[in-house]
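Colleague:
Number of protein chains: 2
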Amino acid sequence: MQLEFLGTGSGQPSKFRNVTSIALRLLDERNAVWLFDVGEATQHQILKTTLRPRKVEKIFITHLHGDHIFGLPGFLSSRSFQGADKNEPLTIYGPKGVKDFVQTALRISETRLSYPIEYVDLKEGVIFDDRTFQVIAAPMRHRIETWGFRVIEKDHPGELLVDKLRQENIPSGPIYGQLKSGKTVTLPDGRTIHGQDFIGQAQRGRIVTFVLDTRPNDNVALLAKNADVLVHESTYGSGEEESKMAKAHAHSTSVNAASVARRAHVDKLVLTHLSARYIGPMVKDLISDVRRNFSNTYVARDFDVIDIPFKKDSNESK
Amino acid sequence: MQLEFLGTGSGQPSKFRNVTSIALRLLDERNAVWLFDVGEATQHQILKTTLRPRKVEKIFITHLHGDHIFGLPGFLSSRSFQGADKNEPLTIYGPKGVKDFVQTALRISETRLSYPIEYVDLKEGVIFDDRTFQVIAAPMRHRIETWGFRVIEKDHPGELLVDKLRQENIPSGPIYGQLKSGKTVTLPDGRTIHGQDFIGQAQRGRIVTFVLDTRPNDNVALLAKNADVLVHESTYGSGEEESKMAKAHAHSTSVNAASVARRAHVDKLVLTHLSARYIGPMVKDLISDVRRNFSNTYVARDFDVIDIPFKKDSNESK
Ligand SMILES: [Zn+2]
Ligand SMILES: [Zn+2]
Chain W
1 MQLEFLGTGS
11 GQPSKFRNVT
21 SIALRLLDER
31 NAVWLFDVGE
41 ATQHQILKTT
51 LRPRKVEKIF
61 ITHLHGDHIF
71 GLPGFLSSRS
81 FQGADKNEPL
91 TIYGPKGVKD
101 FVQTALRISE
111 TRLSYPIEYV
121 DLKEGVIFDD
131 RTFQVIAAPM
141 RHRIETWGFR
151 VIEKDHPGEL
161 LVDKLRQENI
171 PSGPIYGQLK
181 SGKTVTLPDG
191 RTIHGQDFIG
201 QAQRGRIVTF
211 VLDTRPNDNV
221 ALLAKNADVL
231 VHESTYGSGE
241 EESKMAKAHA
251 HSTSVNAASV
261 ARRAHVDKLV
271 LTHLSARYIG
281 PMVKDLISDV
291 RRNFSNTYVA
301 RDFDVIDIPF
311 KKDSNESK
Chain S
1 MQLEFLGTGS
11 GQPSKFRNVT
21 SIALRLLDER
31 NAVWLFDVGE
41 ATQHQILKTT
51 LRPRKVEKIF
61 ITHLHGDHIF
71 GLPGFLSSRS
81 FQGADKNEPL
91 TIYGPKGVKD
101 FVQTALRISE
111 TRLSYPIEYV
121 DLKEGVIFDD
131 RTFQVIAAPM
141 RHRIETWGFR
151 VIEKDHPGEL
161 LVDKLRQENI
171 PSGPIYGQLK
181 SGKTVTLPDG
191 RTIHGQDFIG
201 QAQRGRIVTF
211 VLDTRPNDNV
221 ALLAKNADVL
231 VHESTYGSGE
241 EESKMAKAHA
251 HSTSVNAASV
261 ARRAHVDKLV
271 LTHLSARYIG
281 PMVKDLISDV
291 RRNFSNTYVA
301 RDFDVIDIPF
311 KKDSNESK
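Here the protein sequences come in this chain order: W and S. Using full-length UniProt numbering, the first residue of the first sequence is number 1, and each one after it goes up by one. Using full-length UniProt numbering, the first residue of the second sequence is number 1, and each one after it goes up by one.
The structure is reproduced here in structure tokens:
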């Protein structure tokens, strides 16, 4: 599981930061990639990575501002052009208007996609749930309907330690299944075997939270609680002037992001959606300022890949 | 007057060629820039040039395929963001659907532009005419309604040769105006002066023709007649296989372009809209093949700037 930042700027593209799109790479977990927002030229950014549009299984749209959606028609068309077939559908989770925007663009351009799109209107709570992942949405506070997302990987149960069973001369058979489910079994030779002694360490699923384009609000901490990574917008840095501008434009500062990261006991904070005013040394200042409040903070740059490993102490912390 | 190629690929962006957009730089002529088609990430390409979105006065759309229009919403939004004001309107000439596409994108994203847009539906004939330029549109033959454009600069009349008048001791006054309009004047000292002897060389206006995404058809030669530059799509190169593919996809080959350039007595042929299959040595082959048919041919690359000078023999050729 990795985050790959395809665009880390705000409002409009600059030479150094494209508008927003973030890929959550779930190749090991489900042989798929999820995109969070698709600003203009997301497909161009993808050309410079190893990501393959066909692998994109789900797209989550936080809100309908242009810098978060104008890359959708082109991305969807190229995914078709590159041979995604009817067995490779794509689901778009977003505010209601996203379907109108995409369908109008496809209709006007007479684009017929080679695969089906399912549109899911966002609502508060669980918006997706299967064997391996769950996604929760909650409303944010911006100038337009906006949503944050909490992506929860389901826990991986411990594996049956077959080598250890063999070492102790426990013959394979239906009792392996009983042991795996944690039962206590009596063998033909009279030994009593406890399943839990032969089950490896469980791995707690990881949690990634996406909070883009919002004023601070109570839902942020709820979505971010104990997250492995909180991806948070930081259109502005610290300082009084910045604070005013964030308020005026319904955005957050780096200070807002650090404060909620601390409150929600997040492991790592990754700031994105930076105003184009932050270049060179100003980015360094922004990082050192925020690290005083929350040390494990990073400022994403375009094409950064951030690995999200399993926690080593996953059994204890469970 | 220069052409600046912002995207020279076809269908979808590749690493080396973006999708179509061509800027006609008319900074000396009218302190303005015109765009022909606006594929996705045109605004990103502009960031790498000296072009300023505020200077873009007119946009001409050949047809509504995604690779020619998906950059419009982002370009228009950023032009607003960068401070174009209500005295800097923009006119979009295109097939009817372009308004629906742009207005839907702006409505859904709640984008309020700082300047007005006028939409002009294309029809055959003169679509724009003022003191310095005229633009003619004619239908092309593609899978969707498609138009070609002929941009005609009005002739520059010769200047009054004031230095020559002074050399011959002809006193300034109202007669300068009469001489400039070509009249014959008798001076107080009895000399008879012919205006035409004191008027510099007139400069014939230049002609640039844009033919994108089409099968060969009779209107191409009409639009291209005696043009200084013919910009012509060449999705495919020469060869039987290419010829078949061009037909199947309603496109042209380099051979088609060269043949109409010759027939229309064009000065220079610039090929664009190349399939992504043409890279490296294949482009060289494509050029040398077509130069056998029409020697003054160039294959545009992204960011190429091609100057269109006045013709030296403009008086005679008039
Ligand atoms: Zn934004
Ligand atoms: Zn095209």
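Glycine included, C-beta positions come from ideal geometry on N, C-alpha and C.
(1) Report yes or no: is there a C-beta of chain B within less than 9 angstroms of the C-beta of residue 168 of chain S?
(2) Under 8 angstroms between beta-carbons, which chain S residues line up against residue 257 of chain W? List them in chain order, please.
(3) Would you say the beta carbon of residue 68 of chain W comes nearer than 8 angstroms to a heavy atom of ligand 1?
(4) Classify residue 305 of chain W as buried or exposed, calling it buried when 16 or more other Cβ atoms lie within 10 Å of its own Cβ.
(5) At a cut-off of 8 angstroms, is residue 156 of chain W close to ligand 2 when judged by its beta-carbon and the heavy atoms of the ligand?
(6) Could you pull the DSSP bridge partners for residue 125 of chain W from this structure?
(7) Are the stretch 71-83 of chain W and the stretch 25-32 of chain S in contact at 8 angstroms, needing three or more beta carbon pairs?
(8) Expressed to the nearest angstrom, what Euclidean distance is found between the alpha-carbon atoms of residue 239 of chain W and residue 221 of chain W?
(9) Starting from residue 176 of chain S and walking both ways along the alpha helix (DSSP H), at which residues does that stretch end?
(10) What's the gap between the Cα of residue 176 of chain S and the Cα of residue 163 of chain S?
(11) Answer with yes or no whether the minimum CB distance from residue 101 of chain S to chain W is below 9 angstroms.
(12) Whose C-beta lies closer than 8 angstroms to the C-beta of residue 178 of chain W among residues of the same chain, with five residues either side of it excluded?
(13) Give a single yes or no on whether residue 111 of chain S has its beta carbon closer than 8 angstroms to a heavy atom of ligand 1.
(14) Using a beta-carbon distance below 9 angstroms, is residue 74 of chain S in contact with chain W?
(15) What residues from the stretch 151-178 of chain S come within 7 angstroms of chain W, judged by C-beta to C-beta, listed N to C?
(16) Can you tell me whether residue 260 of chain S is buried or exposed, with buried defined as 16 or more other CB within 10 angstroms of its CB?
(17) Run the proximity test for residue 213 of chain W: is its beta-carbon closer than 8 angstroms to any non-hydrogen atom belonging to ligand 1?
(18) Determine the chain W residues that contact residue 81 of chain S at a beta-carbon separation under 9 angstroms, and present them in chain order.
(19) If you reduce the DSSP assignment to three classes, tell me which class residue 108 of chain S lands in.
(20) Over the uninterrupted beta strand (DSSP E) stretch that includes residue 90 of chain S, give me the two end residues.
(21) Report yes if the C-beta of residue 253 of chain W is less than 8 angstroms from at least one heavy atom of ligand 1; otherwise report no.
(22) Using 8 angstroms as the cut-off, can you tell me whether the stretch 134-145 of chain S makes contact with the stretch 129-136 of chain W, which would need three or more C-beta pairs spanning the two stretches below that distance?
(23) Against residue 264 of chain S, what residues of chain W qualify as contacts under a CB-to-CB distance less than 8 angstroms, listed in chain order?
(24) With DSSP collapsed to three states, give me the class of residue 201 of chain S.
(25) Does any residue of chain S have a CB that is nearer than 9 angstroms to the CB of residue 47 of chain W?
(26) Could you tell me whether any non-hydrogen atom of ligand 2 is closer than 8 angstroms to the CB of residue 10 of chain S?
(27) Residue 232 of chain S and residue 252 of chain S look like a contact to me (Cβ under 8 angstroms); what is the Cβ gap, rounded to whole Å?
(28) Which residues of chain W have a Cβ atom closer than 8 angstroms to the Cβ of residue 110 of chain S, listed in chain order?
(29) Residues bridged to residue 2 of chain W by DSSP?
(30) Let me make sure I understand the geometry here. Which of W:32, W:218, W:274 and W:128 has the alpha-carbon closest to that of residue 245 of chain W?
(31) Is residue 232 of chain S near ligand 2, going by C-beta to nearest heavy atom under 8 angstroms?
(32) For residue 19 of chain W, verify whether its CB is less than 8 angstroms away from any heavy atom of ligand 1.
(33) Would you check whether ligand 2 has a heavy atom nearer than 8 angstroms to the C-beta of residue 65 of chain S?
(34) From the DSSP output, read off the bridge partner residues of residue 50 of chain W.
(35) Taking the alpha helix (DSSP H) that residue 271 of chain W falls in, what are its first and last residues?
(36) Determine the extent of the beta strand (DSSP E) in which residue 331 of chain W is found, giving its start and end residues.
Modeller: A quick look at the data gives this:
(1) Considering every chain present, this structure includes no chain B. Its protein chains are W and S.
(2) One-based indexing of the first sequence puts residue 257 of chain W at position 257. Simply none; closest approach about 24 angstroms.
(3) If you number the first sequence from 1, residue 68 of chain W lands on position 68. Within the cutoff, so yes.
(4) The sequence position of residue 305 of chain W within the first sequence is 305, counting from 1. Counting C-beta atoms within 10 angstroms of its own C-beta, residue 305 of chain W has fewer than 16 neighbours from the protein chains shown and is therefore classed as exposed.
(5) Against the first sequence, residue 156 of chain W aligns to sequence position 156. Result no, Cβ not under 8 angstroms from ligand 2.
(6) Your numbering for residue 125 of chain W matches position 125 in the first sequence. In DSSP, residue 125 of chain W forms a bridge with W:137.
(7) No: the two stretches stay apart, fewer than three of their Cβ pairs being nearer than 8 angstroms.
(8) Your numbering for residue 239 of chain W matches position 239 in the first sequence. Your numbering for residue 221 of chain W matches position 221 in the first sequence. The alpha-carbon separation between residue 239 of chain W and residue 221 of chain W amounts to approximately 23 angstroms.
(9) Position 176 of the second sequence holds residue 176 of chain S. Per DSSP, residue 176 of chain S belongs to the alpha helix (DSSP H) from 174-180.
(10) Working through the second sequence from its first residue, we reach residue 176 of chain S at position 176. Working through the second sequence from its first residue, we reach residue 163 of chain S at position 163. Whole-angstrom Cα-Cα distance: 12 angstroms.
(11) For the purposes of this step, residue 101 of chain S is identified with residue 101 of the second sequence, where counting begins at 1. It does: the Cβ of residue 101 of chain S has a partner Cβ on chain W nearer than 9 angstroms.
(12) Translated into the one-based positions of the first sequence, residue 178 of chain W becomes position 178. 185 and 195, listed in sequence order.
(13) In the second sequence, counting from the first residue as 1, residue 111 of chain S sits at position 111. Flag unset: Cβ of residue 111 of chain S not near ligand 1.
(14) For the purposes of this step, residue 74 of chain S is taken as residue 74 along the second sequence, with counting starting at 1. Chain W, which has a Cβ nearer than 9 angstroms to the Cβ of residue 74 of chain S, makes this yes.
(15) Residues of the stretch 151-178 of chain S that bring their beta carbon within less than 7 angstroms of a beta carbon in chain W are absent altogether.
(16) Here residue 260 of chain S is taken as the residue at index 260 of the second sequence, counted from 1. With 16 or more Cβ atoms within 10 Å of its Cβ, residue 260 of chain S is classed as buried.
(17) Here residue 213 of chain W is taken as the residue at index 213 of the first sequence, counted from 1. True, at least one ligand heavy atom lies under 8 angstroms from that Cβ.
(18) For this step, residue 81 of chain S is matched to residue 81 along the second sequence. Simply 11 and 12.
(19) Working through the second sequence from its first residue, we reach residue 108 of chain S at position 108. It is helical.
(20) Looking up residue 90 of chain S in the second sequence gives position 90. Annotation: the continuous beta strand (DSSP E) that includes residue 90 of chain S extends over 90-94.
(21) Taking the first sequence and counting its residues from 1, the one referred to as residue 253 of chain W is at position 253. Within 8 angstroms of the C-beta of residue 253 of chain W there is not a single heavy atom belonging to ligand 1.
(22) Contact between the stretch 134-145 of chain S and the stretch 129-136 of chain W is absent, because fewer than three Cβ pairs lie under 8 angstroms.
(23) Residue 264 of chain S sits at position 264 when you count from the first residue of the second sequence. Ordered by position in chain W, no residue passes the 8 angstroms Cβ test against residue 264 of chain S, which lies about 30 angstroms from the chain.
(24) If you number the second sequence from 1, residue 201 of chain S lands on position 201. Of the three classes helix, strand and coil, the one that applies to residue 201 of chain S here is coil, per DSSP.
(25) By 1-based counting over the first sequence, the position of residue 47 of chain W is 47. Yes, its Cβ sits closer than 9 angstroms to a Cβ of chain S.
(26) The sequence position of residue 10 of chain S within the second sequence is 10, counting from 1. For ligand 2, a non-hydrogen atom lies closer than 8 angstroms to the CB of residue 10 of chain S.
(27) As a working note, residue 232 of chain S is residue 232 in the second sequence. As a working note, residue 252 of chain S is residue 252 in the second sequence. A Cβ-Cβ distance of about 7 angstroms is found for the pair residue 232 of chain S and residue 252 of chain S, placing them in contact under the 8 angstroms criterion.
(28) What you label residue 110 of chain S is simply residue 110 of the second sequence in a count that begins at 1. Going along chain W in sequence order, the residues near residue 110 of chain S (Cβ under 8 angstroms) are 64, 65, 143 and 144.
(29) Walking along the first sequence from the start, residue 2 of chain W turns up at place 2. Residue 2 of chain W pairs with W:25 and W:307.
(30) Position 245 of the first sequence holds residue 245 of chain W. If we check each option's Cα against that of residue 245 of chain W, W:274 comes out closest.
(31) Taking the first residue of the second sequence as 1, we reach residue 232 of chain S at position 232. It does not: the Cβ of residue 232 of chain S is nowhere closer than 8 angstroms to a heavy atom of ligand 2.
(32) Residue numbering aside, residue 19 of chain W sits at position 19 when the first sequence is read from its first letter. At least one heavy atom of ligand 1 is nearer than 8 angstroms to the Cβ of residue 19 of chain W, so yes.
(33) By 1-based counting over the second sequence, the position of residue 65 of chain S is 65. For ligand 2, at least one heavy atom lies less than 8 angstroms from the Cβ of residue 65 of chain S.
(34) Looking up residue 50 of chain W in the first sequence gives position 50. According to DSSP, residue 50 of chain W bridges with nothing at all.
(35) As a working mapping, residue 271 of chain W is identified with position 271 in the first sequence. Careful: residue 271 of chain W lies outside any alpha helix (DSSP H), inside the beta strand (DSSP E) at 268-272.
(36) Look at the range of chain W in this structure, 1 to 318, and you will see that residue 331 of chain W is not part of it.
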